[in-house]
Amino acid sequence: MRERNRLASGIEAVRRIESEAAEAMDLTALAEAEGDEAVASEALASLETLGLEAKRREAESLLAGEADNNDAYVEINAGAGGTEAQDWAEMLMRMYSRWAEQHGYKVQLLDESPGEQAGIKSGTLQVSGPFAYGWLKTEAGVHRLVRISPFDANARRQTSFASVWVYPVVDETIEIDINEADLKVDTFRSSGAGGQHVNKTESAIRITHVPSGIVVACQTDRSQHRNRAIAMQMLRARLYERELQKREEAAAAAASQKTDIGWGHQIRSYVLAPYQLVKDLRTGVEKGNPTAVLDGELDDFMGAALAARVGAVRSEASAQAR
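Position one of the sequence shown corresponds to residue 70 (my numbering), numbered consecutively onward.
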């Protein structure tokens, strides 16, 4: 039923875009014939809006991966650099939250470790909505920020790094076998404001999967049992994503593509000084308005990265077939 609803929604959207585009074209022709500039301008604005939606739908058509329609976990970790990097990690968390909200997705903060002076050391969001993982998976990697430091009295330029890791929320239809003997479970007190509960109870949970080294944590709930359940769900998702990435790397085969999609590789630079530019190092897409990008305007970057990933996999499959 979910697949049926997805296809029906896509077909309906294409038909609506076709219909509204035809109406706008007719209105434009009529306005030009009658010399009505106001109506012509309104019709052209409508066409531009439809063009943006069509572009997004075109990119969405590339979301045919096994878990692309799932919700997503977005995990952000500050790199070396202390307060600078921690502030940058918090800026990235805000950026993805804004992007999700602009597209009608639900955002829930699952875990957050505050920095000593500002920002966060790490944080995990759950983004829920159609194709959340499919869109956000292109954001996995290292993000680089260059700016005049707001924490430096001498106003020197600083470079900061933060890592983003994205993995799908797995549902009951996906079986992930986890041996309890392979788990190390720690409890700790939730961080941040929260009154007596935060101060007196160790409700937060951290689970380490020893064979893989994967660590997940959750402190969103007052109940330790609930936090453990959410953390286990996150661990299942991490292990599932790990398997998906192994398959994708095997299919892509090319070393350059592995660098693009692999964890621990720089994918995008955000330069705020001495000039302003955001550049994706995988696709070459550039934006001269970093403020808009940091406010969540990421669709062009995501669409280009999706096209590049799908193109690389198809090229490799075609080469193998030959």
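The beta-carbon is built from N, C-alpha and C at its ideal position, and this holds for glycine as well.
Spatial neighbours of residue i within its chain, please: CB distance less than 7 Å, with the 5 preceding and 5 following residues excluded, ordered by chain position.
{"i": "Trp204", "result": "Met371"}
{"i": "Ser78", "result": "none"}
{"i": "Arg307", "result": "Tyr236, Ile283, Val285"}
{"i": "Gln155", "result": "Ala147, Gly184, Ala187, Gly188, Ile189, Lys190"}
What residues in its chain sit with their C-beta under 8 Å from that of residue i, if we drop five residues either side in the sequence?
{"i": "Tyr309", "result": "Ala136, Tyr236, Pro237, Val239, Ile243, Ile245"}
{"i": "Glu89", "result": "Ser115, Leu119"}
{"i": "Ile247", "result": "His278, Met301, Leu304, Arg305, Leu308"}
{"i": "Ser218", "result": "Glu153, Ala224, Arg225, Arg226, Gln227"}
Determine the burial state of residue i: buried for a count of at least 16 other Cβ atoms within 10 Å of its Cβ, exposed for fewer.
{"i": "Ala93", "result": "buried"}
{"i": "Lys206", "result": "buried"}
{"i": "Met70", "result": "exposed"}
{"i": "Thr256", "result": "exposed"}
{"i": "Pro199", "result": "buried"}
{"i": "Ala158", "result": "buried"}
{"i": "Ser272", "result": "buried"}
{"i": "Gly192", "result": "buried"}
{"i": "Gln177", "result": "exposed"}
Using only the alpha-carbon positions, how far apart do residue i and residue j sit?
{"i": "Ala123", "j": "Leu113", "result": "15 Å"}
{"i": "Ile336", "j": "Phe230", "result": "11 Å"}
{"i": "Arg258", "j": "Gln288", "result": "8 Å"}
{"i": "Gln227", "j": "Val211", "result": "16 Å"}
{"i": "Glu129", "j": "Asn223", "result": "46 Å"}
{"i": "Ser115", "j": "Leu375", "result": "26 Å"}
{"i": "Phe220", "j": "Arg167", "result": "24 Å"}
{"i": "Leu161", "j": "Ile145", "result": "8 Å"}
{"i": "Pro343", "j": "Leu350", "result": "19 Å"}
{"i": "Glu117", "j": "Ala102", "result": "21 Å"}
{"i": "Lys315", "j": "Asp95", "result": "50 Å"}
{"i": "Arg85", "j": "Glu208", "result": "30 Å"}
Who are the near neighbours of residue i in its chain, counting only those whose CB is closer than 6 Å to its CB and skipping five residues on each side?
{"i": "Val347", "result": "Tyr339, Lys356, Pro359, Val362"}
{"i": "Lys175", "result": "Ser197"}
{"i": "His266", "result": "Because the pLDDT of His266 is 45, which lies under 50, any placement of that residue in the model is unreliable, and the question is left without a value."}
Quick one: measure Cβ to Cβ for residue i and residue j, integer angstroms, because I've assumed they're closer than 8 Å.
{"i": "Leu119", "j": "Ile299", "result": "Leu119 to Ile299, Cβ: 40 Å. No contact."}
{"i": "Asn138", "j": "Arg75", "result": "6 Å"}
{"i": "Tyr202", "j": "Ala141", "result": "4 Å"}
Between residue i and residue j, is the Cβ-Cβ spacing less than 9 Å?
{"i": "Gly353", "j": "Ala169", "result": "no"}
{"i": "Ala109", "j": "Ala100", "result": "yes"}
{"i": "Tyr165", "j": "Val215", "result": "no"}
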